[in-house]
Amino acid sequence: MNYKTVGLRKEEYLAIKKMLGREPNESELRILGVMWSEHCSYKSTRSILKMFNSEGKHVIQGPGENAGIVDIGGGWAAAFKVESHNHPSAVEPYQGAATGVGGIIRDILAVGAWPTACLDGLFFGKTPNNSTLSLIEGVVAGIGGYGNAVGVPTVGGKTFFDDSYEGNPLVNAMCVGTVHQESVITSRTAKVGQWVVLLGSRTGRDGIAGAAFASTELAEDTKSSKPQVQIGDPFVEKLLIECCHELLKDKLIASMQDMGAAGITSSASEIAAKSGTGIHIYAEKVPTREANMTPWEIALSESQERMLLIIEPDNFDKVKKCAEKWLLECALIGEITSDKRFRITNHGETVVDLPAEMVGGGCPVIDWPSQKPAYLENIKVEKKYEVPQERFKELFLSVLTDPNVRDKSWIYEQYDHMVQTNTVAGPGNPVSVIRIKENGTFLALSMDCDPWSCWLDPYNGGAESFLKAARPLWACGAEVLGMTDCLNYPSPESPENYWVLKESVRGLAQAAKDLECPVVSGNVSLYNESPGKKILPSPLVGIVGLLRDLDTFLPSGRMEAKDILFLVGPEKGSLAGSLFQRIMDGTIQGKPTPYDADLERKFKERAIKTSKEKCCSSVRVIGSGGLAISIAKECIFAQKGARINIAPELLKRPEFLFGEGRPRAIYSVKPSMVSLFESIWRDFGLLKIGTVIEDHTLDISGLANFTLQEILGCWRG
């Protein structure tokens with residue numbers, strides 16, 4: 065078999081021969097082709113990921129395991145991670161999205177945590193053609209169909225629309241779980257003599273080489289890729305969760321690994337490599353659901369709802385009895401050895417014999433050529449815009465009805481966000497909040513990205529992607545514990561693409577470090593492009609924050625009549641890459657506002673203090689669409705009107721009403737608390753912009769007057 069057939073580069077094939085001192089056989093070559101793929105090895109980004117800081121006072125476990133873990137008090141911890149399922153969702157939207165949800169839930173399960181909540185980051189094409197609509201409907205149905213049935217609420221997320229995602233959607237699934245700190249399971253604790261057990265579904269041919277498929281560009285005809293898409297069964301996953309937790313409660317599991325990308329091969333080799341042991345898999349003992357499966361097919365199958373358990377031999381009967389109770393397959397398929405080899409035999413014949421470390425982490429790192437994109441030289445100058453008074457209403461409604469701002473309830477109403485009965489603030493809110501019954505605290509969750517800024521200015525765009533997720537958490541009063549990220553980019557083999565990747569990660573890493581948010585987990589998804597089109601650089605950020613109680617939680621969309629409205633922060637945002645700019649002339653140009661760590665710290669400190677002082681009814685950090693859209697959303701969600709009074713010279717500047725970026729927020733302040741509020745923000749940037757009224761109208765300084773019903777109708781479409 066030719067090494068190119070399995071996706072290996074010539075340099076990698078020669079490295080394999082040198083490591084082995086011989087030619088790899090076909091099964092070994094197939095296994096290394098998958099395990100050394102971009103999706104499994106992170107060969108293009110391992111050096112880049114070192115820029116992230118993963119240490120912090122709350123961090124219990126950082127990158128390198130199935131999920132990051134942070135301390136949430138009282139002996140309890142939160143485990144969380146985000147992963148991509150982009151290529152599978154492009155090919156088979158329903159199953160691609162569904163199995164993305166199932167896979168991230170098992171990552172949380174694999175560290176011993178109970179899956180508590182899911183979020184999703186979705187990126188779709190903006191052109192409303194039948195293909196795009198069908199893809200969106202399939203993805204959303206897949207997320208809802210799996211999450212609802214498995215019993216894990218989808219409590220939030222973010223959806224983006226841009227033509228760059230046409231034909232190459234991004235489906236990023238995040239899961240958060242809770243675990244007692246003494247019950248955390250790792251993949252590093254296997255010991256010689258322990259047994260390897262497969263728990264869950266039987267193994268089939270679905271998803272074989274799916275990891276390698278996710279490490280290449282999408283073909284023009286995606287139908288041929290359908291065999292690489294896994295098929296999920298959420299009802300089996302629910303049984304798997306219950307069974308694993310019963311086994312964990314009885315302390316019958318020594319180590320555990322989800323079988324996701326590369327199936328048995330990845331989970332088994334990674335356990336051995338991390339534990340400093342070997343592992344021997346007996347292919348004939350793996351329960352299969354299809355006849356005549358070859359050992360390499362068994363080893364690389366990505367059939368869903370399976371976990372690899374490492375247990376003491378004396379506990380096998382108890383494990384099997386528990387599996388039978390939960391109607392799951394349970395088979396002894398191997399043992400932990402002392403030789404540090406990854407070995408597969410089939411009826412006594414050795415099929416694969418490789419160093420475990422070589423399989424589970426031995427792929428050589430690639431440092432691709434890097435070159436600043438030429439297009440950046442042509443987009444530096446920010447175009448000047450003027451909004452004639454007579455066109456203001458028209459432009460306002462154009463921004464309000466854009467898919468990136470518009471009501472997303474048609475998506476999240478398909479998700480069960482109340483199952484487990486812990487959801488305090490669900491989808492539609494800038495911050496989702498879930499109750500942790502075990503210790504009486506609350507987790508605040510956010511997710512965001514700024515692809516357009518990343519394209520215009522990768523470093524500052526990367527920083528802004530972090531800040532868009534962090535600012536709402538600070539504003540609601542949460543203490544940020546840590547973040548996870550999904551780095552979605554096109555092919556790293558293009559020098560310009562690779563430069564953008566490195567620069568945007570540098571900005572993301574710097575902002576997270578400066579603002580004391582450790583990166584505890586994440587995922588990289590490259591080669592997100594199809595013939596003639598590549599995605600915008602899209603580093604999705606998910607952040608977990610802690611609320612000790614709800615007493616100081618400051619929500620959005622809760623402003624009350626007679627409250628005074630204030631804008632805090634710089635008066636103007638940036639129009640570079642803004643939604644306003646994209647609507648006005650369909651271009652993305654200009655220079656986003658440079659990242660200012662000191663300004664962001666000042667915002668963070670004052671925002672948290674404001675929530676503690678309980679002087680406000682509501683807060684909304686200004687996001688897509690700028691100040692004007694944030695005011696409209698506050699009116700919509702609070703079902704209150706507002707009378708906005710702004711100086712004429714400010715109204716003439718679109719960057720004031722429609723600019724984005726920078727630490728800016730609207731606060732709805734109780735009249736009796738105005739003096740206290742002003743004392744907190746006076747030296748930062750503070751402007752009184754209006755009053756909340758009972759009348760269901762929004763009057764923007766005489767420029768335009770809307771009824772609440774009018775803006776609600778436009779926003780909902």
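Numbering (my numbering), first residue to last: 65 to 781.
For each residue, glycine too, the CB sits at the ideal point set by N, CA and C.
Assignment of T657 by DSSP, reduced to helix, strand and coil, places it in the coil class. By the Cβ rule, the stretch 310–325 counts as touching the stretch 362–376, because three or more pairs are nearer than 8 Å. Listed in chain order, the alpha helix (DSSP H) runs fully inside the stretch 412–490 are 420–425, 456–464, 473–476, counting runs of at least 4 residues. Listed in chain order, the beta strand (DSSP E) runs fully inside the stretch 124–199 are 132–137, 140–148, 178–188, counting runs of at least 3 residues. Cβ-Cβ distances below 7 Å link D227 to G189, K190, T191 in the same chain, with the five nearest sequence neighbours on each side left out; the list follows chain order. Under the three-state reduction of DSSP output, S251 falls in the coil class, being neither helix nor strand. Around the CB of H411, fewer than 16 other CB atoms lie within 10 Å, so the residue is classed as exposed. Per DSSP, the continuous alpha helix (DSSP H) segment holding F644 begins and ends at 643–649. With fewer than 16 other CB atoms across the displayed protein chains lying within 10 angstroms of its CB, V429 is exposed.
With contacts defined as CB atoms closer than 8 Å, Q294 and P152 qualify as a contacting pair. About 4 Å separates the beta carbons of A661 and D578, which is inside the 8 Å limit, making them a contact pair.
Taking the CA atoms as reference points, M648 sits about 56 Å from S91. The beta carbon of R470 sits closer than 7 Å to the beta carbons of W779, G781 from its chain, once the five residues preceding and following it are set aside; these are given in chain order.
Around A573, the same chain offers M115, F116 as residues with beta carbons nearer than 6 Å, after the five sequence neighbours per side are excluded. Take the alpha-carbon of L199 and the one of P157: they are about 6 Å apart. DSSP, read as helix, strand or coil, puts M357 in coil.
For P377, same chain residues with a beta-carbon under 6 Å away, outside a window of 5 residues either side, are W259 in chain order.
When only Cα atoms are considered, G641 and E664 end up about 21 Å apart. Our two residues, P603 and S568, have alpha carbons roughly 8 Å apart in a direct line. Contact check for V683 and S620: beta-carbon distance about 6 Å, within the 8 Å limit, so the pair qualifies. DSSP, reduced to helix, strand and coil, places P603 within a strand of the structure shown. Contact check between the stretch 500–511 and the stretch 133–141: three or more CB pairs, one atom from each, fall below 8 Å, which counts as touching. Counting only residues of its own chain and dropping the five nearest sequence neighbours on each side, L751 has a CB closer than 7 Å to the CB of F630, L631, E635.
G609 is positioned such that its CB atom lies no closer than 8 Å to that of V584. Rounded to whole angstroms, L234 and V738 show a C-alpha spacing of 44 Å. Cα atoms of P452 and K716: separation of roughly 8 Å, rounded to the nearest angstrom. DSSP lists T409 as the beta-bridge partner residues of Y346. In the assembly as shown, S402 is an exposed residue. Its beta-carbon has fewer than 16 other beta-carbons within 10 Å.
Under the three-state reduction of DSSP output, T616 falls in the coil class, being neither helix nor strand.
DSSP places L396 in the strand class (E or B) of the three-state scheme. The three-state reading of DSSP puts G777 in helix, counting H, G and I together. Secondary structure note for R499: its beta strand (DSSP E) is the uninterrupted segment 496–500.
Secondary structure note for W519: its alpha helix (DSSP H) is the uninterrupted segment 515–520. Three or more pairs of CB atoms, one per stretch, sit closer than 8 Å, so the stretch 159–169 contacts the stretch 294–310. Shown here for Q773: same chain residues with a beta carbon closer than 8 Å to its own, the five before and five after excluded, namely H760 in chain order. In the structure shown, E334 falls within a helical segment according to DSSP collapsed to helix, strand and coil.
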